[in-house]
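In the numbering used here, the protein residues as written are 1403 to 1648. Scroll down for the structure; my scribbles are underneath it.
As structure tokens, this is what we get:
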């Protein structure tokens, strides 16, 4: 068996913990979910367990073989016990998206179960290009305006990639403004959240909201033109939210 390509990377500490537990108890009580691919069997959710068993030189493993290969792309929806971080969820969605785009997967909206929401797709594409993106600061905004692209995945991929580029451009502008605020002596673990809130026009809007691309470009312009000289420590007092880096 091998890990399914859409899974995230191994966490060394998690593998070591599993190795110690399995070695001490001499037990393996959590069967892998398996699907059959062209090159053998894959496990969509057992990467760490499989690696731990290999370190212990196990000769066999208990698994549940699921006949539908599509379950490999539905594992996020089925995995209700482990709470993935936003970054992990988004990157897994991005990997699924790119792999499915090579086949006849249909439109994005047909894969809502696998992808969860449009914002996760955009964030995943952006995280792939900028791993330290503070996605938590932008997720609430994206959830309000990001929508499914009404095209087959192969044609929607460049559109989604461009949207991720716009998000990265916004993140660059916001980061530059944060550095300017720090240079003025302003300190807060939520500076990035503060800047994003300042340049987000949605809170003042009623009725129809702008498209995602339009909003990201508007926020980027606002971030670049934000007058940091007019911002005081008192302005930061009520700001909270996700940490700048997740």
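Using N, Cα and C, we set each Cβ at its ideal position, and we do this for glycine too. All of these numbers come straight from a predicted model, not from anything done at the bench.
Q) Touching or not, the region 1551–1565 and the region 1590–1599, by the rule of three or more beta carbon pairs under 8 Å? A) Touching, no, given that fewer than three Cβ pairs across the two stretches are closer than 8 Å.
(Q) Just to check my reading of the structure: residue 1618 and residue 1546 have Cβ atoms closer than 8 Å, yes? What is that Cβ distance to the nearest angstrom? (A) Walking along the chain shown from the start, residue 1618 turns up at place 216. Walking along the chain shown from the start, residue 1546 turns up at place 144. Not quite, the Cβ-Cβ distance comes to about 12 Å (not below 8 Å), so this is no contact.
Q.
So within the region 1432–1457, which uninterrupted alpha helix (DSSP H) runs reach at least 4 residues, ignoring any that extend past its ends?
A. Unbroken alpha helix (DSSP H) stretches of 4 residues or longer found wholly inside the region 1432–1457: 1449–1457, given in chain order.
(Q) I need the straight-line Cα distance from residue 1494 to residue 1503, nearest angstrom please. (A) Indexing the chain shown from 1 puts residue 1494 at position 92. Indexing the chain shown from 1 puts residue 1503 at position 101. So the two alpha carbons sit approximately 14 Å from each other.
Q) Closer than 8 Å, CB to CB, is residue 1542 near chain D or not? A) In the displayed structure, chain D is absent; only one protein chain is listed.
Q. Rounded to a whole number of angstroms, what is the C-alpha to C-alpha distance between residue 1490 and residue 1567?
A. To locate residue 1490, count along the chain shown from 1; it is residue 88. To locate residue 1567, count along the chain shown from 1; it is residue 165. Spanning the two alpha carbons is a distance of roughly 19 Å.
Q) Under 8 Å, do residue 1622 and residue 1583 count as touching if we go by C-beta distance? A) For the purposes of this step, residue 1622 is taken as the residue at position 220 of the chain shown. For the purposes of this step, residue 1583 is taken as the residue at position 181 of the chain shown. Cβ distance not < 8 Å, so residue 1622 and residue 1583 don't count as in contact.
Q.
At the level of alpha carbons, what is the spacing between residue 1517 and residue 1510?
A. As a position in the chain shown, residue 1517 is number 115, starting the count at 1. As a position in the chain shown, residue 1510 is number 108, starting the count at 1. When rounded, the distance between both Cα atoms is 8 Å.
Q: Output the distance between the C-alpha atoms of residue 1534 and residue 1601, rounded to the nearest integer angstrom.
A: Counting from 1 along the chain shown, the entry for residue 1534 is found at position 132. Counting from 1 along the chain shown, the entry for residue 1601 is found at position 199. Using only the alpha carbons, I get a separation of about 21 Å.
**Q.** Other residues of its chain near residue 1615: CB distance less than 7 Å, five sequence neighbours each side excluded
**A.** Walking along the chain shown from the start, residue 1615 turns up at place 213. Here the set comprises 1565 and 1568.
(Q) So, at 7 Å on beta carbons, what are the nonlocal neighbours of residue 1522 in its own chain, with the 5 sequence-adjacent residues on each side left out? (A) For this step, residue 1522 is matched to residue 120 along the chain shown. Closer than 7 Å at the Cβ level, and outside the excluded window around residue 1522, lie 1491, 1492 and 1495.
Q | Three-way DSSP call (helix, strand, coil) for residue 1509 in this model | A | Against the chain shown, residue 1509 aligns to sequence position 107. Annotated three-state conformation of residue 1509 is strand, per DSSP.
Q) Should residue 1605 go down as buried or exposed, given a rule of 16 or more other Cβ atoms within 10 Å for buried? A) Position 203 of the chain shown, counted from the start, is the residue given in the question as residue 1605. Result: exposed.
**Q.** In chain order, each alpha helix (DSSP H) run of at least 4 residues that lies wholly inside the region 1591–1624
**A.** With a minimum length of 4 residues, the continuous alpha helix (DSSP H) runs that stay inside the region 1591–1624 are 1593–1601.
(Q) Suppose you measure from the CA of residue 1539 to the CA of residue 1525; what does that come to, to the nearest Å? (A) In the chain shown, counting from the first residue as 1, residue 1539 sits at position 137. In the chain shown, counting from the first residue as 1, residue 1525 sits at position 123. About 11 Å.
Q | Nearest to residue 1625 (by Cα), restricted to the options 1579, 1499 and 1440 | A | Along the chain shown, read from residue 1 onward, the residue named residue 1625 stands at position 223. The residue among 1579, 1499 and 1440 with its C-alpha nearest the C-alpha of residue 1625 is 1579.
Q. Taking buried to mean at least 16 other C-beta atoms within 10 Å of its own C-beta, is residue 1482 buried or exposed?
A. Here residue 1482 corresponds to residue number 80 of the chain shown, with the count starting at 1. Reliability fails at residue 1482, whose pLDDT of 44 lies under 50, so the model's placement of it is uncertain and no value is given.
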